[in-house]
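In the numbering used here, the protein residues as written are 44 to 633. Take a look at the structure set out below.
Dropping the structure here:
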């Protein structure tokens, strides 16, 4: 096999379409033509990019070497770091397992894989022997898992679920009032949980006192995972109320004129519902409804039942942390198997997951960035070394989120449900704050766009809708004033990029545009790096120490100059990578 073929196979393995079939342009010819109509001529073989490759060959190994020397025995503060390290399994080295969140996941990974296998095999056996809908199995298994995970606190979760369900159902004839109260209760429940998550049952009714000493579940902090439950609660309510509005407004007339291009199995004639034939296919034999259509798939009104509601919310593979899938999409996929659910695609995704886990293990064995950050052990090292500690710390943060999400999505794929991929860009492959938000926790971004951004006016009032979006995102993450301020600051940080895009919207074909764009991207990258270093890695003291080291020392100024040069080259490669994707019909806008 030639080197060219090897490179092509590696490129295919790490491509976006291998990661998520939604990003495969061949499934939608119109989208492919639209994406491929604007890209520039390839620059990969130009002299300019050959110089960039040489710079990459020098800079990247230097960055890794610097991160290793700054966090290993060469660090003058290593004696403070070493107690946080654990026994490793690669090359006789210790492992930095000091991040409590990832340690919990890493130590329980074999159990999670076992649970995924048990769930998948049991479901297949049950469905083969007992003629029951998939949703019925999801409901029973989901409720069992809910009580196993949270013990008696599952009753607290179910109380929220029933109140939310009751609001939507009882006020369905006044959908606007129902939506307002649903959102109010949903957000209010976060505050209730923050203050009363351990409120004794005995204080409500004395007869319930024995519950206070009952089994609290494998995961005692039920309120942490409730945040994902809330998104599913709101999705069901909004989809149900949207469906009810269609019925009351008489928009179910599509049953009288059925398009010929729809397969018979997608048609569901009912007197009270808009049927699935209102959404047409693009002609492919094996293609069912595409993602956007599935999110709006008009199911029969009777399918918005309590049983389906509980089955959706307690769906085990995605219950703990997502990815988020809308109720309409979940129900549709429970009834129709998508073409993306096939052994070859799932095997490739499993290999991608294994590669990410192995990458994380290598990083934790050779770069002890988390331990250095925890002990604030950066005295006596250079600004370049501190920045590499911060950069690799951010990569670890990215990986510790990516790996659980991919495990849960892999589990869901094996079960026949295809949710969106949460992370479609490497953390280092970002230059835009707007695009970064689209690529980071992508399923949550899709949820926010569908249920908040578009209903509030979308791009027609971009600043105010962004303010509402990030206010909700901040509150959803945690009930803290500093996070709410963080959400508002993000909107403030987005303004320069929004205004710059409007100012230079007609100049993207100019020869100088991509160079000017790199200057703006460098500013964006520094802004995102400093904000994330402050929030996730170095804290206030470490960030101030780094900034002073950069601007108040000669070595720091030299580093700043070299770093900006490296970022300029990196952004040029990022731009070209996206142009390359467009030439292949892919435009993910991030």
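In this text, a Cβ means the ideal position worked out from N, Cα and C, and glycines have one as well. Just so we're clear, the structure is a prediction, and the values are computed from it rather than from any experiment.
Using 8 Å for Cβ pairs, my map puts residue i next to residue j. What's the rounded Cβ distance?
i	j	result
residue 229	residue 207	7 Å
residue 128	residue 417	The pair is not a contact, with the Cβ atoms about 11 Å apart (cut-off 8 Å).
residue 369	residue 493	7 Å
residue 182	residue 353	6 Å
residue 114	residue 432	6 Å
residue 284	residue 215	6 Å
residue 425	residue 232	With 8 Å as the limit, residue 425 and residue 232 do not qualify as a contact, their Cβ atoms being about 48 Å apart.
residue 709	residue 364	The requested residue 709 does not occur in the structure, where the chain is confined to residues 44 to 633.
residue 565	residue 98	At roughly 15 Å, the Cβ-Cβ gap does not stay under 8 Å, so residue 565 and residue 98 are not in contact.
residue 168	residue 180	Wrong, their Cβ atoms sit about 10 Å apart, outside the cutoff.
residue 275	residue 356	5 Å
residue 556	residue 550	5 Å
residue 625	residue 145	Contact doesn't hold; Cβ gap of about 35 Å is too wide.
What residues match up with residue i in a beta bridge as DSSP calls it?
i	result
residue 130	137
Hey, out of the options, whose CA is closest to residue i's CA?
i	options	result
residue 371	419, 279, 173, 134	279
residue 147	262, 528, 505	262
residue 388	62, 51, 50	62
residue 210	222, 200, 199, 201	222
residue 225	254, 282, 264, 173	282
residue 272	471, 205, 287, 175	205
residue 477	445, 541, 419, 486	541
residue 471	616, 382, 581	616
residue 383	464, 518, 554	464
residue 84	411, 396, 552, 152	552
residue 350	132, 186, 612, 237	186
residue 65	589, 486, 576, 587	486
residue 446	156, 234, 547	156
residue 453	399, 189, 270, 287	399
residue 588	623, 444, 421	421
residue 537	515, 495, 563, 556	563
residue 545	519, 502, 521, 520	502
residue 483	561, 496, 467, 543	467
residue 120	610, 626, 415	415
residue 633	394, 248, 475	475
residue 609	275, 94, 444	94
residue 102	122, 235, 427, 255	427
residue 575	499, 52, 434	434
residue 184	203, 162, 212	162
Which residues in the same chain as residue i place their Cβ atom closer than 7 Å to its Cβ, once the five residues preceding and following it in sequence are excluded?
i	result
residue 413	139, 141, 142, 436, 439
residue 488	480, 481
residue 259	194, 195, 196
residue 361	368, 451, 455, 462
residue 111	409, 410
residue 237	522
Near residue i, which residues of its chain fall below 6 Å by C-beta distance, leaving aside the five closest residues on each side in sequence?
i	result
residue 313	In this prediction, residue 313 scores a pLDDT of 34, lower than 50, which makes its location untrustworthy; the coordinate-derived value is nonetheless stated afterwards. The residues are 343.
residue 491	512
residue 49	none
residue 619	86
residue 108	none
residue 257	195
residue 473	479
residue 288	218
residue 595	none
residue 347	283
residue 188	359
By Cβ distance, which residues of its chain are closer than 8 Å to residue i, with the 5 residues on each side in sequence left out?
i	result
residue 534	506, 509, 510, 513
residue 267	none
residue 391	56, 61
residue 265	192, 193, 196, 197, 199, 200, 240
residue 252	243, 244, 245
residue 380	459
residue 46	none
residue 429	113, 421, 581, 585, 588, 589, 592
residue 469	441
residue 151	none
Below 8 Å, how does it come out for the region 399 to 417 and the region 426 to 446: are there three or more Cβ pairs, yes or no? Taking a contact to require three or more Cβ pairs closer than 8 Å, the region 399 to 417 and the region 426 to 446 qualify as touching.
Taking contact to mean 3 or more Cβ pairs, one atom from each stretch, closer than 8 Å, check whether the region 586 to 605 and the region 451 to 464 are in contact. By the Cβ rule, the region 586 to 605 does not count as touching the region 451 to 464, because fewer than three pairs are nearer than 8 Å.
With a threshold of 8 Å, are at least 3 pairs of Cβ atoms found where one atom belongs to the region 332 to 342 and the other to the region 375 to 384? Cβ pair count under 8 Å is three or more, so yes.
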